[in-house]
Each structure stands twice: as C-alpha cells, then as structure tokens.
Amino acid sequence: MELFIPGSKKEKEKLEYELVIIGAGPAGLSAGIYATRSGLKGIVVEKNVVGGLAAEAPFIENYPGIKGIKGEELAKMMKEHAQEYLPVEEMNPVHEITKENDKFIIKTEKAEYVGDAIIFATGTTHKHLGVPGEKEFYGRGLSYCVTCDGYFFKDQDVIIIGGGNSGAIAGIFMKNIARNVTIIEFMPRYMCENAYVKKINELGINYIMNAQVTEIFGDEKVKGIRYKDRVTGEAKELLANGVFIYVGLKPQSELAKSLGVDLNERGYIKVDNTMRTNIPRLYAAGDVTGGVAQVVVAASQGVIAALSAYEDLKLKG
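The opening position of the sequence shown corresponds to residue 33 in the working numbering, with each subsequent residue numbered one higher.
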C-alpha cells in the first residue's frame, strides 16, 4: 500500500533523447523516421492524436503516389510507419521547455524529456471568426471540423464559412451528407483552386461571395447566420442546422517563442532553408513555419529538419 502524504508530488520520469520532436503531423512523423534512420535517438510527442490538421481532411488527392485517401487514413499509415522507428506519444501535451547546461528540458503531461535538440512541428489551429454566437454555439451546431462532426447533420442544411481550399473541400464533403450546402466567402471571387470550383458547380453547392458574417444565431442550437452583402450593404439572414467555420489558421508557436525563437509578423516560426531557427539546435518544420500548407510540403520540411539536426549533433559535435 502506497503511503500518501498531503502536498507531496510524485516526480515524473526523466527520459533522455538526442532529439525531441514536438508534434505528430506529417512534418513531425517524417522527421522522426529520418532522424532515426540517420542514427539519432528520438521521440515524437503530441498533445492530441497523430495527424494534425491533415487528419481532419475529408480527402487528400494531391499526395504523390496516393490518388485519393481520407486524411485520417493517411495519418494512420504515417503513424504506423513512424512507430517502426521511434516512440510516438499521443495525448501528451508539452507544458514548458527550459534550458539547463546545454540541454533542453521538455516537461509534458506524462514525463520530462531531456533533449540535445528539438524540432517544433506544432502546426496550426483553426482561426475563430470573432462574431456573436461563435462561442455560445460551439458544440451546439457549430464546429470547425466536418470530418469530426459532419454526420450529425445528415439530410439537414449546413453553412460553410470560408471559401478557400479548406472550406471548399469541407463543402464538397458535406454535399454527400447534408441536404443543402452553402459556402460563404468574404472576398468577391472564388478563393479555392479551379479543380474545387469545378466540383462545387457540378454538385450544385451554393457559393455566396462578398458576404461578411456578422452573427451566428439560434436558441438551444444553431438556427443560422446573419451577414452583410459587401456590395449593397444589405443585411441578410440564412437558415441552417449546422455551421462549419474555415476562415484560416494560426500558428502554434508559443513554446518556441518562450525559448527566444524568432517569429514573423504573423506569429509563424522563422527558419532558413535548412529548417534551422535563430537558436542553435532548435528547428521547425511544417505549417508552423508558414508558407504553403500542404501535407507533402510539411513532410519534406520534416525531413530537412531531421537531417539538419543530425548534421549538428553528429557531424559538427
């Protein structure tokens, strides 16, 4: 029987690695594979489940060698591949990182990791609209993920706010589930790739441009949105059972910033073409660096970051 002493705290296990990779999306998992194959002892830690935002994608059609696949399926394949090389710890958020005697101390929910180097593959998260009703109706008809929550609106009317590639993909996905799908776009033109424009028109998805959403309304659950026509100034209302928000992304760069890593004006981590930051032995890869947010780009940056870490730790000493 273990004696419990009030106020006492069980010390977390300390584990030593040459490389700690924070984030288990395409960038982090690719980095893990290449780091291990290069001879580095590493670990991947992830605050949620593997895959990052790629796992939320209803379908991915532009990853070389795979003509079409659900995001969650690709994430599962990447996870299984990476686990052949190194540990991948899910549901293990990092709370704090400090530096002691040329080592990085990474404190997480489950343990403390001591690392010689870190790759930040922390990705991005969904931006919020910031309009009345957004917070109130989250989980009550409002969501940021059609893959997670789309089926709840089978044979109902839904609105996708945001007409970029992510919003277009979400709308196309929901057309197979919902009765009616409407995409609301702030700009006066299609903001998605031509391939998606063609599909939107083929499926009969309504794409409203020049629309500024001013409110999400309802009672117990979402009933619809209110928006302003940016051309006429007219206030309009659109009824729906569900609202999905796809208005952009924001970087999860707070941990890197706490160590003095330089960020750009939008909060993304600054890196050179080798994925090195301004702090020695701190690297970044994937969507958290800004640029083109694509799975194949994130994976390639993860590889570059891992090889840079190998060069710095093993070749330069």
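Quick reminder that beta carbons are idealized off the backbone N, C-alpha and C, glycines included.
Open item on the list: According to DSSP, N212 sits in a beta bridge with which residue or residues?
Closed with: Here residue 212 refers to the residue found at position 180 of the sequence shown. N212 pairs with D189.
Task: Straight-line Cα distance separating G171 from G250 - done: To locate residue 250, count along the sequence shown from 1; it is residue 218. To locate residue 171, count along the sequence shown from 1; it is residue 139. So the alpha carbons of these two residues sit roughly 13 Å apart.
Task: Under the three-state DSSP convention, the category I204 falls into - done: For the purposes of this step, residue 204 is taken as the residue at position 172 of the sequence shown. Here DSSP, grouped into helix, strand and coil, assigns I204 to helix.
TODO: Confirm, please, whether the CB-CB distance from Y342 to S62 is below 8 Å.
DONE: By 1-based counting over the sequence shown, the position of residue 62 is 30. By 1-based counting over the sequence shown, the position of residue 342 is 310. Result no, Cβ atoms of S62 and Y342 do not sit closer than 8 Å.
TODO: Spell out a yes or no on whether the segment 264-275 and the segment 284-303 are touching, meaning 3 or more CB-CB pairs, one atom from each, closer than 8 Å.
DONE: Contact between the segment 264-275 and the segment 284-303 is absent: fewer than 3 CB-CB pairs across the two stretches fall below 8 Å.
Open item on the list: Buried or exposed for G98, going by 16 or more other Cβ atoms inside 10 Å?
Closed with: Start at 1 with the first residue of the sequence shown, and residue 98 comes out as number 66. Per the sequence presented here, residue 98 reads as Ile, with Gly not at that position. Flag for I98 reads exposed.
Task: At least 3 beta-carbon pairs within less than 8 Å: the segment 248-263 vs the segment 221-237 - done: The answer is no - the segment 221-237 does not touch the segment 248-263, with fewer than three Cβ pairs under 8 Å.
- [ ] Return the chain-ordered list of same chain residues with a C-beta closer than 7 Å to the C-beta of T68, the five sequence neighbours on each side being excluded.
- [x] Within the sequence shown, residue 68 is the residue found at index 36, counting from 1. Within the same chain, T68 has close Cβ partners G74, Y117, L118.
- [ ] Answer with buried or exposed for Y183, where buried requires no fewer than 16 other C-beta atoms within 10 angstroms of its C-beta.
- [x] Working through the sequence shown from its first residue, we reach residue 183 at position 151. Counting the other CB atoms within 10 Å of its CB gives Y183 a total below 16, which places it among the exposed residues.
Open item on the list: Going by DSSP in three states, R172 sits in which element: helix, strand or coil?
Closed with: As a first step, residue 172 must be located in the sequence shown, where it is residue number 140. Coil, per DSSP.
Task: Straight-line gap, Y187 to A210 (C-alpha atoms, nearest Å) - done: Locating residue 187 in the sequence shown gives position 155, where the first residue counts as 1. Locating residue 210 in the sequence shown gives position 178, where the first residue counts as 1. Note that residue 187 corresponds to Asp in the displayed sequence, not to Tyr. The straight-line gap from Cα to Cα measures roughly 4 Å.
Open item on the list: Measuring alpha carbon to alpha carbon, tell me which residue in M206, I191, K44 is nearest V180.
Closed with: Mapped onto the sequence shown, residue 180 falls at position 148. For the sequence presented, residue 180 should be read as Cys rather than Val. For the residues M206, I191, K44, the minimum Cα distance to C180 belongs to M206.
- [ ] Whole angstroms is fine: what's the gap from K44's alpha carbon to E121's?
- [x] On the sequence shown, position 12 is the one that residue 44 refers to. On the sequence shown, position 89 is the one that residue 121 refers to. Rounded to the nearest angstrom, the gap between the Cα atoms of K44 and E121 is 15 Å.
TODO: Check whether the Cβ atoms of I237 and I191 sit closer than 8 Å, and answer yes or no.
DONE: Along the sequence shown, read from residue 1 onward, the residue named residue 237 stands at position 205. Along the sequence shown, read from residue 1 onward, the residue named residue 191 stands at position 159. With respect to I191, I237 sits apart: the two C-beta atoms are not nearer than 8 Å.
Task: Pick from A89, C177, E112 that is closest to I101, judged by C-alpha positions - done: Numbered from its first residue, the sequence shown carries residue 101 at position 69. Nearest of A89, C177, E112 to I101, Cα basis: A89.
TODO: With DSSP collapsed to three states, give me the class of I101.
DONE: In the sequence shown, the residue the question calls residue 101 occupies position 69. It is a strand residue.
Task: Cβ contact check for the segment 155-169 and the segment 277-290: 3 or more pairs under 8 Å - done: Two segments are said to touch when three or more pairs of C-beta atoms, one from each, lie closer than 8 Å; by this definition the segment 155-169 touches the segment 277-290.
Task: Residue burial classification, D319 (beta-carbon count within 10 angstroms, cutoff 16) - done: Position 287 of the sequence shown, counting from 1, holds the residue named residue 319. Only buried fits D319, as 16 or more other CB atoms lie within 10 angstroms of its CB.
Task: Alpha carbon of D261 to alpha carbon of I65, nearest angstrom - done: Residue mapping note: residue 261 aligns to position 229 of the sequence shown, counting from 1. Residue mapping note: residue 65 aligns to position 33 of the sequence shown, counting from 1. Straight-line spacing of the CA atoms in D261 and I65 works out to 50 Å.
Task: Supposed close pair A243, E217 - CB separation, criterion 8 Å - done: Position 211 of the sequence shown holds residue 243. Position 185 of the sequence shown holds residue 217. With 8 Å as the limit, A243 and E217 qualify as a contact, their Cβ atoms being about 7 Å apart.
TODO: Going by CA-CA distance only, name the one from A114, H113, T140, D134 that's closest to L287.
DONE: For this step, residue 287 is matched to residue 255 along the sequence shown. The shortest CA-to-CA distance from L287 to any of A114, H113, T140, D134 is the one to T140.
Open item on the list: In whole angstroms, give me the CA-to-CA distance for M382 and L295.
Closed with: Residue 382 is absent from the structure shown; the chain starts at 33 and stops at 349.
- [ ] Would you mind sorting M235 into buried or exposed? The rule is 16 or more other CB atoms within 10 Å of its CB.
- [x] The sequence position of residue 235 within the sequence shown is 203, counting from 1. Per the sequence shown, the amino acid found at residue 235 is Leu instead of Met. With fewer than 16 Cβ atoms within 10 Å of its Cβ, L235 is classed as exposed.
Open item on the list: Using only the alpha-carbon positions, how far apart do P96 and V328 sit?
Closed with: Taking the first residue of the sequence shown as 1, we reach residue 96 at position 64. Taking the first residue of the sequence shown as 1, we reach residue 328 at position 296. If I take the Cα positions, the gap works out to 8 Å.
- [ ] Return helix, strand or coil for D344, following the three-state DSSP convention.
- [x] Stepping through the sequence shown from its first residue, residue 344 is reached at position 312. Three-state result, D344: helix.
Open item on the list: Rounded to the nearest angstrom, what separates G84 and P164 at their Cα positions?
Closed with: Counting from 1 along the sequence shown, the entry for residue 84 is found at position 52. Counting from 1 along the sequence shown, the entry for residue 164 is found at position 132. Whole-angstrom Cα-Cα distance: 28 Å.
Task: Own chain partners of G39 with C-beta closer than 7 Å, once the 5 adjacent residues on each side are dropped - done: Along the sequence shown, read from residue 1 onward, the residue named residue 39 stands at position 7. Because the pLDDT of G39 is 47, which lies under 50, any placement of that residue in the model is unreliable, and the number read from its coordinates should be weighed accordingly. The same chain holds no residue with a CB closer than 7 Å to that of G39 once the five nearest residues on each side in sequence are set aside.
Open item on the list: One question on the structure: do Y239 and G196 come within less than 8 Å of each other, judged by their Cβ atoms?
Closed with: Residue mapping note: residue 239 aligns to position 207 of the sequence shown, counting from 1. Residue mapping note: residue 196 aligns to position 164 of the sequence shown, counting from 1. No. Outside cutoff.
Task: Spatial distance of A149 from A325 (CA atoms) - done: Reading the sequence shown from its first residue, position 117 is the one you call residue 149. Reading the sequence shown from its first residue, position 293 is the one you call residue 325. If you take the alpha carbons of A149 and A325, they lie about 24 Å apart.
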